[in-house]
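First comes the structure, then the notes that go with it.
There are 2 protein chains.
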Amino acid sequence: MNIKDAGLRVGLPPKTIRYYEDIGIVTPDRADNGYRDFSDAHLHKLAFLARARSLGFSIDDCRDLLALWEDQDRASGDVRAIAKEHLAAIETKIAGLQDMRATLADLVQSCAGDARPDCPIIDKLQRG
Amino acid sequence: MNIKDAGLRVGLPPKTIRYYEDIGIVTPDRADNGYRDFSDAHLHKLAFLARARSLGFSIDDCRDLLALWEDQDRASGDVRAIAKEHLAAIETKIAGLQDMRATLADLVQSCAGDARPDCPIIDKLQRG
DNA sequence: CTTTGACCTTCCCGTTACTGGAAGGTTTAT
DNA sequence: ATAAACCTTCCAGTAACGGGAAGGTCAAAG
Numbered sequence: 001m002n003i004k005d006a007g008l009r010v011g012l013p014p015k016t017i018r019y020y021e022d023i024g025i026v027t028p029d030r031a032d033n034g035y036r037d038f039s040d041a042h043l044h045k046l047a048f049l050a051r052a053r054s055l056g057f058s059i060d061d062c063r064d065l066l067a068l069w070e071d072q073d074r075a076s077g078d079v080r081a082i083a084k085e086h087l088a089a090i091e092t093k094i095a096g097l098q099d100m101r102a103t104l105a106d107l108v109q110s111c112a113g114d115a116r117p118d119c120p121i122i123d124k125l126q127r128g
Numbered sequence: 001m002n003i004k005d006a007g008l009r010v011g012l013p014p015k016t017i018r019y020y021e022d023i024g025i026v027t028p029d030r031a032d033n034g035y036r037d038f039s040d041a042h043l044h045k046l047a048f049l050a051r052a053r054s055l056g057f058s059i060d061d062c063r064d065l066l067a068l069w070e071d072q073d074r075a076s077g078d079v080r081a082i083a084k085e086h087l088a089a090i091e092t093k094i095a096g097l098q099d100m101r102a103t104l105a106d107l108v109q110s111c112a113g114d115a116r117p118d119c120p121i122i123d124k125l126q127r128g
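Respectively, the protein sequence lines represent chains D and W.
Read left to right, the first sequence gives residues 1 to 128 (the UniProt record's numbering).
Read left to right, the second sequence gives residues 1 to 128 (the UniProt record's numbering).
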């Protein structure tokens with residue numbers, strides 16, 4: 001299967017798939033004309049990647065997950081460790097964003113937002 | 001004032017301040033020896049930047065905010081518009097991360113995380 | 001007076017995970 | 001025969017810096 005159809009099948013743009021090949025994550029076969037040729041196994045792997053990425057796993061995480069996926073005898077604890085670490089990172093990020101949101105929401109609410117020049121938002125940014 | 005002390009004063013690493021000069025946000029004076037020389041006005045501007053960045057405003061947002069800050073007659077509505085848009089972006093990001101967190105938390109909880117090979121996390125990534 | 005160490009300068013590369021675009025070859029449909 | 005729609009590789013750019021090299025400057029200590 002050519003790259004465009006492969007992309008449609010797994011929900012990734014061709015550019016992204018080429019990139020994944022560049023960095024050594026997938027290695028499709030090549031047809032005689034030089035075109036990439038994706039087998040079912042390749043598509044399966046790409047779909048796995050797409051799902052892991054959509055859950056926010058980094059490419060490096062994905063490498064590890066793929067290795068574990070392909071290892072029939074790995075311990076589920078190894079997989080869980082990666083997921084837990086990622087979960088913790090996400091929670092840290094959420095907390096940071098929630099702090100920002102609270103401060104910003106305060107500022108936005110305190111500002112009249114009309115044609116007059118006095119603006120508590122600027123005041124706050126100015127004076128800390 | 002030299003760059004390191006300026007950085008200590010406003011809470012930014014020298015590298016970051018040089019970067020801000022590179023992209024045209026601040027333009028400190030230069031001493032005879034070529035060293036950057038930061039005035040109170042420069043420090044004030046850098047502090048403003050640091051605070052806006054810490055609230056997650058992009059550099060481009062900061063450019064706009066700085067222009068408004070320096071315009072005594074700007075309408076507070078213009079400032080508020082930027083802040084509101086940023087607030088909306090943050091809320092979108094939080095929602096996306098919360099989705100991820102929910103899915104991941106489910107996965108992590110469903111996985112025994114022991115030495116056995118069967119792992120619901122991998123299963124889910126595999127089958128969608 | 002020299003030396004050491006802490007500054008400072010510019011410049012270039014690396015980061016994340018792609019995306020856009022150019023130049024050119026191949027295949028398919030008209 | 002030609003045009004559209006693929007495909008290929010390669011190069012460059014994104015956001016916002018950080019690391020590190022090569023070299024100039026300055027203040028204090030010996």
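Where a beta carbon is used, it is the ideal one built from N, C-alpha and C, also for glycine.
With H, G and I counted as helix, E and B as strand and the rest as coil, what does DSSP make of residue i?
i: ARG9 (chain W); result: helix
i: ASP29 (chain D); result: strand
i: residue 156 (chain D); result: Since the displayed chain D opens at 1 and closes at 128, residue 156 (chain D) lies outside it and no answer follows.
i: ARG116 (chain D); result: coil
Inspect the beta-carbon positions of residue i and residue j and report whether they are closer than 8 Å.
i: ALA105 (chain D); j: SER76 (chain W); result: no
i: ASP29 (chain D); j: SER39 (chain D); result: yes
i: LEU12 (chain W); j: MET100 (chain D); result: no
i: ILE82 (chain D); j: LEU65 (chain D); result: yes
i: VAL108 (chain D); j: ARG80 (chain W); result: yes
i: LYS4 (chain D); j: VAL26 (chain D); result: no
i: TRP117 (chain W); j: GLN98 (chain D); result: Reading off the sequence shown, one finds Pro at residue 117 (chain W), where the question assumed Trp. Taking 8 Å as the Cβ cut-off, PRO117 (chain W) and GLN98 (chain D) do not qualify as a contacting pair.
i: VAL10 (chain W); j: ALA47 (chain W); result: yes
i: GLY7 (chain W); j: ILE17 (chain W); result: yes
i: residue 167 (chain D); j: ILE122 (chain W); result: A query on residue 167 (chain D) cannot be resolved here, the shown segment of chain D reaching from 1 to 128 and no further.
i: SER51 (chain D); j: GLY96 (chain W); result: Inspection of the sequence shows that residue 51 (chain D) is occupied by Arg rather than by Ser. No, the pair does not count as a contact, with Cβ atoms beyond the cut-off.
For the alpha helix (DSSP H) containing residue i, list its first residue and its last residue.
i: ASP78 (chain D); result: 76-110
i: ARG127 (chain D); result: 120-127
i: SER54 (chain D); result: 40-54
i: TYR20 (chain W); result: 14-22
Which residues in the same chain as residue i place their Cβ atom closer than 6 Å to its Cβ, once the five residues preceding and following it in sequence are excluded?
i: LEU49 (chain D); result: CYS62
i: ARG74 (chain W); result: LEU68
i: MET1 (chain W); result: PHE38
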